[in-house]
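The structure appears below as structure tokens.
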Amino acid sequence: MLDPALLAESLEDLYEHAPCGYLSMLSDATVIKVNRTACDWIGRPVESVVGSRFHDLVTVGGRVYYETHIAPLLTMQGSVRQLSLDLVRVHEPPMPVLIDAVRRVVSTTSGKVELTRVTIANATQRRTYERELLEARRRAEAALAQVRTLRGLLPLCAWCRRIRNDSGSWEQLELYIREHTDAEFTHGICADCQREQFSTSSSADI
Amino acid sequence: MVRPVDRRLNVHRTGVGPGAVPMIFSHGFGCDQNMWRLVAPAFEMTHDVVLYDHVGTSSNVSDYDPVKYSSLRGYAEDLVELVDHLALRGAVFVGHSVAAMIGVVAEQLRPGLFSRLVLVAPSPRYIDDPDTGYVGGFSQTDVEELLVALADNHLGWSAQMAGVIMGNPDRPELAAELENSFCRTDPSVAEQFARVTFTGDNREDLQAVLAPCLVLQCSADIVAPESVGRYLRGHLPVAELVQLAATGHCPHLSSPDEVIAAMRSFLA
């Protein structure tokens, strides 16, 4: 049997020390309520966060993203999910976070007010991993493009055996291959050429 | 094969139709023509209302061409083509944010294209220019940071989602049912559009606009601050500046009544 005391946590404590940041703001993005978790991440006391605008809590990219995507989506569909932003912190570098928000209409003595509830999750490791995946994809795409270059038709001069490069000028086959692959050249002489060179020079000697 | 311009731009023509003064609504960076849903209906009884999406939104991403859309000119050419195709004469152009400058460039490409322009939260240049004392509101570093941050958000765009959207270009209702569809763009397209938008400089284009302009300047708009509104009034040949009480960058969503009233007064 579960001890009832375990389920009797106060709502205030559930809010203040939730494992995510939690805040409420007006439709003009003025923060009116914020929990302790969020304040601890930001590094500012509650009194200082309340009254500031959402814009003040995120980096410049987040501010513009709020204006161009978040505010319109909140108006048009009432919620946004899993948006990547960076939370500005007083003593530390910005923290990558994921935010979810829902808009609620609350009745007050002065009429109905639209409130937006925002939860903030720490996404530091996820962001690092995503960036690594994107970088890996970028490198894979670059490698694939290189392979495609080498698989396509290569314009080769029938006489001098030079090759036309991407910028349209003709260059030595060795240079082209060195630029487009990881291959390096060592110079030797094949049996046929050796025979030919050797026999010509010896006949000249005689 | 290139689709007809009205299909490419996902045109919706509402209102009283041909014969009335055309009013073309052009959305800004971020979301699509749905942004006008609280303003456009107010003009449907009096105007031939035309709504469209710039190429690169979820309705028409398959028509995107990174070369054509490497500057606002590509978007402006589409607008000119649309006006020609629908034979819209003496149209009122209503453009939000970057679309305000798309309208300006279109008017420069084809002087007299519009009878009037309503520019909602416009900016001819987002980056400050210390040499001329111009204050756009952003430093070069801000914009670089902004472009990285925008790339981190894909609003649920994935290869799987792209398949649903792009596999059914003739059934946009499928995409519309999906969450965030109004504001979802292929991240690579969004990145280029953001770069074109936020690194652009259209100050020189302003003088070509001879039609009367209404500049709707928002309050506390970090994207287009009040210094930019004043600059536009000073540099557009015929311009009226109206300071809105609406805060933020999207007054057509946050305070549609104020926007409608300012437009009616300008068009009266």
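If you're matching them up, the sequences are chains A and B in order.
Going left to right, the first sequence walks through residues 183 to 388 as our numbering numbers them.
Going left to right, the second sequence walks through residues 1030 to 1297 as our numbering numbers them.
Ideal Cβ positions, reconstructed from N, Cα and C, are used throughout, including at glycine.
- When B:Lys1097, B:His1041 and B:Leu1175 are compared, the shortest CA-CA separation from B:Asn1063 is found for B:His1041.
- For the stretch 1257–1283 of chain B, the beta-carbon criterion of a distance under 8 Å to any beta-carbon of chain A is satisfied by Thr1276, Gly1277, His1278, Cys1279, Leu1282 and Ser1283.
- Each of A:Arg343, A:Arg271, A:Ala327 and A:Leu267 was checked against the Cα of A:Pro278, and the nearest Cα belongs to A:Leu267.
- Taken through DSSP and simplified to helix, strand or coil, B:Ile1251 comes out as coil.
- Take B:Phe1058, set aside five residues on each side of it, and the residues of its chain with a beta-carbon closer than 7 Å to its own are Ser1126, Val1127, Phe1222, Ala1223 and Thr1226, in chain order.
- Closest in C-alpha terms to B:Ala1253, from the list B:Val1096, B:Cys1242 and B:Cys1279, comes B:Cys1279.
- In this structure, the CA atom of A:Arg271 is about 28 Å from the CA atom of A:Gly260.
- Taking a Cβ-Cβ cut-off of 9 Å, A:Tyr311 has no neighbours in chain B, whose nearest Cβ is about 12 Å from it.
- Just measuring C-alpha positions, the residue of A:Ser351, A:Leu193, A:Gln307 and A:Glu312 sitting nearest B:Asn1182 is A:Glu312.
- Interface residue (Cβ-Cβ distance to chain A less than 8 Å): B:Cys1242 is not classified as such.
- Distance from the CA atom of A:Ile302 to the CA atom of A:Trp352, rounded to whole angstroms, is 57 Å.
- Against chain B, the beta carbon of A:Asp268 has neighbours under 8 Å at Ala1178, listed in chain order.
- Across the stretch 194–215 of chain A, CB contacts with chain B closer than 9 Å involve Ser209, Asp210 and Ala211, in sequence order along the chain.
- For the stretch 1051–1072 of chain B, residues whose beta-carbon sits nearer than 9 Å to a beta-carbon of chain A comprise Gly1057, Phe1058, Gly1059, Cys1060, Asn1063, Met1064, Arg1066 and Leu1067.
- Ranked by how close their Cα comes to the Cα of B:Met1074, the residues B:Met1130, B:Pro1033, B:Pro1051 and B:Ser1087 have B:Pro1051 in first place.
- Taking 7 Å as the upper bound on Cβ-Cβ separation, chain B lies near residues His237, Thr241, Val242, Gly243, Gly244, Arg245, Val246, Tyr247, Glu249, Thr250 and His251 of the stretch 217–251 of chain A.
- Here DSSP, grouped into helix, strand and coil, assigns A:Arg271 to coil.
- Under the DSSP assignment, B:Leu1108 falls in the alpha helix (DSSP H) whose first and last residues are Leu1101 to His1114.
- Contact between B:Val1109 and B:Leu1138 holds: their C-beta atoms lie close to 6 Å from each other, under 8 Å.
- Residues of chain A whose Cβ lies closer than 8 Å to the Cβ of B:Phe1211 are, in chain order, Pro254, Leu255, Met258 and Gln259.
- Taking a beta-carbon distance threshold of 8 Å, A:Leu265 counts as an interface residue toward chain B.
- Look at B:Asn1089: its C-beta is not under 8 Å from any C-beta on chain A.
- Closer than 8 Å to the CB of B:Leu1175 there is at least one CB belonging to chain A.
- By the rule that beta-carbons nearer than 8 Å mark a contact, B:Asn1182 touches chain A.
- Separation of A:Pro201 and B:Ala1071 (C-alpha to C-alpha, rounded to the nearest whole angstrom) is 46 Å.
- Taking 8 Å as the cut-off between beta carbons, the residues of the stretch 1160–1174 of chain B near chain A are Phe1167, Asp1171 and Glu1174, in sequence order.
- The stretch 1234–1243 of chain B makes contact with the stretch 1141–1152 of chain B, as at least three CB pairs between them are under 8 Å.
- Proximity to A:Arg263 across A:Ala318, A:Tyr247 and A:Val284 peaks at A:Val284, based on C-alpha coordinates.
- Per DSSP, the continuous beta strand (DSSP E) segment holding B:Leu1270 begins and ends at Ala1268 to Thr1276.
- Of all alpha-carbon atoms in A:Asn347, A:Trp223, A:Ile252 and A:Met258, the one lying nearest the alpha-carbon of B:Leu1179 is that of A:Ile252.
- For B:Val1079, not one C-beta of chain A is nearer than 8 Å to its own C-beta.
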